[in-house]
Amino acid sequence: MKKMLTGLQPTGVITLGNYIGSIKQMVDNQDMYDSYLFVADMHAITVYQDPSELSNKIRSLIALYLACGIDPNKNKIFIQSENEYHANVSWLLECNTYFGELSRMTQFKDKSMKNENFTSGLFTYPVLMASDILIYDTDIVPVGVDQKQHVELARDIAIRFNKKYGDTFVVPTPVMSRVGTKIMDLQDPTKKMSKSSENKKGVIMLLEDLDSIRKKIMSATTDSEMCVKYDVINKPGISNLITMYASITGKSIEEVEFMFEGKNYGEFKREVADAVVSEVSKIQNRYNEIINSKEIDEILDKGREFTREIAKKKYEDMKKKMGLFRGIEK
Ligand code: AMP
Ligand code: TRP
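Counting along the sequence shown from 1, when you hit position 264 you're at 303 in my numbering, and nothing is skipped either side.
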């Protein structure tokens, strides 16, 4: 079974767009891969994070993924900072990565331009990411466009290390997240629903109050036609609501169009709101059950122990190959 690894930064909120476009797919795919899922908290601190908020966000993120259906028996779930070998391996890899390579990373260039006092962690961030990936002999890394260059760097580092010191790492492949279902902003349906949108009325968050979600759907932008038909160009608002309804209920676009033939937009929106609220409330109920439970701690303890063992072996192997051990005088 191929190994797949996903890192999630514990910053920002999770939207309905993330759920439909990404988490639901992960849940559907969890039988296909030997899958590793971790919270990249050490990546998050490359920019300042409020310490007490950060620790809550780490726990909350794990609880939310579990509540969405990520199965702890099918995924190794862990927190990056609880496995100290990630940073140790990262150092050995840094000594095999060129300054020039890191200087060419576009995310670094973008982020460092915004702030004069950026940390050196922001610069070496991609090497820590390579360490996350290479430790587990990962075959596949699903990423968005912004992270593809980092996975390509991890490939280059793996190939270089293997050449210099002998076969040590599997060379990973970045897989662009399938352009699956894209959920658009409810107020401006020509734009992707995004946690960074200024107008929060267009964005549904998974942990948002249910009444507020309902209101946002009821006041979603539509058009003046009064016909529930999928047409992204001329009816982006209605098309987006159809997509949302179809992905949550598992119906096809045609079935949804047929169901709402002759119905007005008010009735249609009420049905969409009911479906979304029902799905989100199930997730929220499960989230509330587990957020403060021992279950999460047990899952994370298990993930930490399992991954530390693998990582320790890889680290020891790298050290040995690089000559980091007590020599014997000949
Ligand atoms: P981001 O929140 O932008 O870091 O994205 C995390 C994952 O969620 C990526 O796989 C995105 O493609 C997916 N995603 C984010 N927003 C949406 C959206 N509005 N519709 C569908 N997928 C999304
Ligand atoms: N840098 C990734 C992001 O910002 C998170 C991440 C850290 C990651 N390590 C990883 C993703 C390893 C995939 C594999 O989204």
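Quick reminder that beta carbons are idealized off the backbone N, C-alpha and C, glycines included.
So who's on the other strand from residue i, going by DSSP bridges?
{"i": "asparagine 114", "result": "Ser74"}
{"i": "lysine 274", "result": "Asp270"}
{"i": "threonine 394", "result": "With the chain represented from 40 up to 369, any question about residue 394 goes unanswered, as that position is not in the structure."}
{"i": "valine 86", "result": "Paired residues: none, contrary to the question."}
{"i": "methionine 257", "result": "In the DSSP output, where bridge partners are listed per residue, methionine 257 has none listed."}
{"i": "methionine 81", "result": "Answer is none; methionine 81 lacks a bridge partner."}
{"i": "methionine 223", "result": "Lys231"}
{"i": "valine 66", "result": "Answer is none; valine 66 lacks a bridge partner."}
{"i": "isoleucine 179", "result": "Met43, Thr212"}
Does residue i come out as helix, strand or coil in the three-state DSSP assignment?
{"i": "threonine 229", "result": "coil"}
{"i": "isoleucine 109", "result": "coil"}
{"i": "isoleucine 367", "result": "coil"}
{"i": "glutamate 296", "result": "helix"}
{"i": "glutamate 264", "result": "coil"}
{"i": "serine 286", "result": "helix"}
{"i": "serine 251", "result": "helix"}
{"i": "asparagine 156", "result": "coil"}
{"i": "serine 291", "result": "coil"}
Are the beta-carbon atoms of residue i and residue j separated by less than 7 Å?
{"i": "valine 311", "j": "leucine 339", "result": "no"}
{"i": "serine 286", "j": "threonine 220", "result": "yes"}
{"i": "proline 49", "j": "aspartate 80", "result": "yes"}
{"i": "isoleucine 179", "j": "threonine 207", "result": "no"}
{"i": "methionine 43", "j": "tyrosine 87", "result": "no"}
{"i": "phenylalanine 307", "j": "valine 267", "result": "yes"}
{"i": "valine 242", "j": "serine 235", "result": "no"}
{"i": "methionine 244", "j": "valine 78", "result": "no"}
{"i": "valine 166", "j": "leucine 132", "result": "yes"}
{"i": "isoleucine 62", "j": "cysteine 134", "result": "no"}
{"i": "tyrosine 354", "j": "asparagine 154", "result": "no"}
{"i": "phenylalanine 162", "j": "leucine 141", "result": "yes"}
{"i": "arginine 274", "j": "aspartate 262", "result": "For the record, residue 274 in the displayed sequence is lysine; it is not arginine. In contact: lysine 274 and aspartate 262 (Cβ atoms closer than 7 Å)."}
{"i": "serine 278", "j": "tyrosine 284", "result": "no"}
{"i": "valine 209", "j": "arginine 194", "result": "no"}
{"i": "asparagine 114", "j": "threonine 346", "result": "no"}
{"i": "aspartate 171", "j": "glycine 342", "result": "no"}
{"i": "methionine 232", "j": "methionine 223", "result": "yes"}
{"i": "lysine 360", "j": "tyrosine 204", "result": "yes"}
Please indicate yes or no: does the CB of residue i lie closer than 6 Å to some heavy atom of the ligand TRP?
{"i": "glutamine 64", "result": "no"}
{"i": "glutamine 226", "result": "no"}
{"i": "valine 128", "result": "no"}
{"i": "glutamine 188", "result": "no"}
{"i": "isoleucine 179", "result": "no"}
{"i": "methionine 168", "result": "yes"}
{"i": "histidine 82", "result": "yes"}
{"i": "isoleucine 399", "result": "The question about residue 399 has no answer here: the residues shown for the chain are numbered 40 through 369."}
{"i": "isoleucine 372", "result": "Because the chain in this structure spans residues 40 to 369, residue 372 falls outside the shown range and cannot be described."}
{"i": "alanine 79", "result": "yes"}
Give the range of the alpha helix (DSSP H) segment to which residue i is assigned.
{"i": "glycine 46", "result": "No alpha helix (DSSP H) holds glycine 46; the beta strand (DSSP E) holding it covers 42-47."}
{"i": "valine 315", "result": "304-329"}
{"i": "valine 128", "result": "124-133"}
{"i": "methionine 349", "result": "According to the sequence displayed, residue 349 carries isoleucine and not methionine. 333-361 is the span of the alpha helix (DSSP H), which, as asked, contains isoleucine 349."}
{"i": "glutamate 35", "result": "Not covered by the structure: residue 35. The range shown for the chain is 40 to 369."}
{"i": "phenylalanine 162", "result": "159-174"}
{"i": "tyrosine 204", "result": "184-204"}
{"i": "glutamine 146", "result": "145-153"}
{"i": "glutamate 140", "result": "138-142"}
Closer than 6 Å: is that where the CB of residue i sits relative to any heavy atom of the ligand AMP?
{"i": "serine 91", "result": "no"}
{"i": "glycine 60", "result": "yes"}
{"i": "lysine 221", "result": "yes"}
{"i": "lysine 240", "result": "no"}
{"i": "glycine 183", "result": "yes"}
{"i": "lysine 370", "result": "Residue coverage of the chain in this structure runs from 40 to 369, which leaves residue 370 outside it and unanswerable."}
{"i": "asparagine 303", "result": "no"}
{"i": "methionine 215", "result": "no"}
{"i": "methionine 433", "result": "Residue 433 is absent from the structure shown; the chain starts at 40 and stops at 369."}
{"i": "glycine 46", "result": "no"}
{"i": "lysine 231", "result": "yes"}
How would you write the range of the beta strand (DSSP E) that residue i sits in, first residue to last?
{"i": "proline 211", "result": "Taken as a continuous stretch (DSSP letters only), proline 211 belongs to no beta strand (DSSP E), as it is neither H nor E."}
{"i": "isoleucine 59", "result": "Looking at the DSSP string, isoleucine 59 is not in any beta strand (DSSP E), and its letter there is neither H nor E."}
Counting only beta-carbon separations shorter than 7 Å, does residue i have a partner in chain B?
{"i": "tyrosine 269", "result": "The displayed structure is made up of one protein chain only, and chain B is not part of it."}
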